Amino acid sequence: MAFKRNTLALIITASGLTCIPAGATSVSVMGLFKDKAIVSIDGGKPRTLSAGQTIQGVRLISADSDRANFDVSGSRRTLGMGQSFAGGTQDSRQTVSLTADARGHFAAAGSLNGYPVTFLVDTGATAIAISAAEARRIGVDYRAGQAMGVQTAAGVVPAWRVKFNTVKVGGIALNQVEGMVVEAGLSMPLLGMSFLNRMEMKRDGQTMTLIQRY
């Protein structure tokens with residue numbers, strides 16, 4: 004397993020992602036507060052819904068910092084942060100919707116081995132990658148892994164292959180996921196293909212949806 008040369012320079016690619024087909028109303032939760040929720044409807048720009056308010060057939064019934072209850076075209080749904088629902092579908096797989104920042108990068112709130120982290124989605128990385136400092140913070144004994152070197156913008160630096168017991172993004176949780184700990188040159192954890200290969204990835208404008216395959 005090796006990283007592509009540009010991976011640690013945080014160059015993001017979105018090639019190969021398919022578009023979400025037009026269809027029933029979809030709702031993605033971007034933010035949660037008491038009696039308010041920030042949502043993206045049908046892949047549109049984030050909008051704030053207040054309890055009792057209806058926009059494009061989506062009504063917010065109630066919300067707190069953990070979850071929100073919606074009526075979506077007659078269907079009652081409860082969604083947490085980062086979760087989404089596409090009306091009229093029978094797909095019960097876990098999904099997470101992400102919105103690109105001004106530079107076109109996708110960040111994903113999640114956790115590694117139960118410790119909260121914010122990932123940068125990187126389809127050019129063959130595995131989840133974190134810095135040595137991050138590994139120490141979450142208690143990963145990375146020096147017990149296989150030592151190697153990876154190419155960064157500053158040259159070749161030491162790295163170690165590891166396995167993360169649990170990786171969670173939104174409502175999606177995977178066990179025993181291959182990863183890499185890099186000594187230096189990595190400012191943000193990368194959500195690489197060892198996680199993304201187990202997802203169906205869909206892109207619609209500024210929104211990326213991850214759907215767990217297995």
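Under the working numbering, the very last position in the sequence shown is 217; numbers go up by exactly one each time.
Glycine included, C-beta positions come from ideal geometry on N, C-alpha and C.
The structure presented is a predicted model; accordingly, all values stated were derived computationally and were not measured.
_In DSSP terms, what residue 166 is bridged to_ = Position 163 of the sequence shown holds residue 166. In the DSSP output, where bridge partners are listed per residue, residue 166 has 181.
_Just verifying my parser: in three-state terms, what is the DSSP assignment at residue 31?_
The residue you call residue 31 lines up with position 28 of the sequence shown. Secondary structure at residue 31: strand, using DSSP grouped into helix, strand and coil.
*Is the shortest distance between the beta-carbon of residue 87 and the beta-carbons of chain C less than 8 Å?*
Within the model displayed, chain C is absent; a lone protein chain is all it includes.
_As a quick exercise: from 116, 129, 210, pick the residue whose alpha carbon is nearest that of residue 47._
Here the question's residue 47 lines up with position 44 in the sequence shown. Measuring C-alpha to C-alpha distances from residue 47 to each of 116, 129, 210 identifies 210 as the nearest.
*Terminal residues of the continuous beta strand (DSSP E) containing residue 213?*
Numbered from 1 along the sequence shown, position 210 holds the residue referred to as residue 213. Boundaries of the beta strand (DSSP E) harbouring residue 213: 210–215, taken from the DSSP string.
*Nearest-angstrom Cα distance between residue 121 and residue 110?*
Position 118 of the sequence shown, counted from the first residue, corresponds to residue 121. Position 107 of the sequence shown, counted from the first residue, corresponds to residue 110. So the two alpha carbons sit approximately 7 Å from each other.
*CA-CA distance, residue 144 and residue 108?*
Along the sequence shown, read from residue 1 onward, the residue named residue 144 stands at position 141. Along the sequence shown, read from residue 1 onward, the residue named residue 108 stands at position 105. A direct Cα-to-Cα measurement between residue 144 and residue 108 gives close to 30 Å.
*Helix, strand or coil for residue 196 per DSSP?*
Against the sequence shown, residue 196 aligns to sequence position 193. Residue 196: helix per DSSP, three-state reduction.
*Please go through the segment 33–61 and give each complete beta strand (DSSP E) segment of 3 or more residues, from N-terminal end onward.*
You should have 39–44, 50–53.
_Enclosing alpha helix (DSSP H) for residue 137 [first to last residue]_ = As a working note, residue 137 is residue 134 in the sequence shown. 135–140 is the extent of the alpha helix (DSSP H) around residue 137.
*Counterpart residues of residue 190 in DSSP-defined beta bridges*: Taking the first residue of the sequence shown as position 1, residue 190 is located at position 187. Assignment of beta-bridge partners to residue 190 by DSSP yields no partner.
*asked:* So the candidates are 80, 169, 112, 56; which of them puts its Cα closest to the Cα of residue 33?
replied: The count along the sequence shown starts at 1 and reaches residue 33 at position 30. Scanning 80, 169, 112, 56 for the CA closest to the CA of residue 33 turns up 112.
_Contact between the segment 198–214 and the segment 149–160 is defined here as three or more beta-carbon pairs at a separation below 8 Å; is this criterion met?_
When C-beta atoms of the segment 198–214 are compared with those of the segment 149–160, fewer than three pairs fall below 8 Å, so the two segments do not count as touching.
*Kindly list the residues whose CB is nearer than 7 Å to the CB of residue 171, restricted to its own chain and excluding five residues on each side of it in sequence; keep chain order.*
Taking the first residue of the sequence shown as position 1, residue 171 is located at position 168. Counting only Cβ-Cβ distances below 7 Å, and skipping sequence neighbours, we find 113, 114.
*Kindly indicate which three-state DSSP category residue 24 falls into: helix, strand or coil?*
Along the sequence shown, read from residue 1 onward, the residue named residue 24 stands at position 21. Only weak support exists for where residue 24 lies, its pLDDT of 35 falling under 50; the value from the coordinates is given anyway. Assignment of residue 24 by DSSP, reduced to helix, strand and coil, places it in the coil class.
*asked:* Measuring only the C-alpha atoms, how far is residue 139 from residue 119?
replied: Position 136 of the sequence shown, counted from the start, is the residue given in the question as residue 139. Position 116 of the sequence shown, counted from the start, is the residue given in the question as residue 119. The alpha-carbon atoms of residue 139 and residue 119 are separated by roughly 14 Å.
*Ignore the nearest five residues each way along the sequence and tell me which others in residue 70's own chain have a CB closer than 6 Å to its CB.*
In the sequence shown, residue 70 corresponds to position 67, counting from 1. Hits under 6 Å: 81, 83.
*asked:* Looking at the secondary structure, which residues open and close the beta strand (DSSP E) in which residue 124 lies?
replied: Working through the sequence shown from its first residue, we reach residue 124 at position 121. That run of the beta strand (DSSP E) goes 118–124.
_Our contact map puts residue 88 next to residue 43 with C-beta atoms below 8 Å; I'd like the distance itself, whole angstroms only._
Working through the sequence shown from its first residue, we reach residue 88 at position 85. Working through the sequence shown from its first residue, we reach residue 43 at position 40. No, residue 88 and residue 43 are not in contact; Cβ-Cβ is about 12 Å, not under 8 Å.
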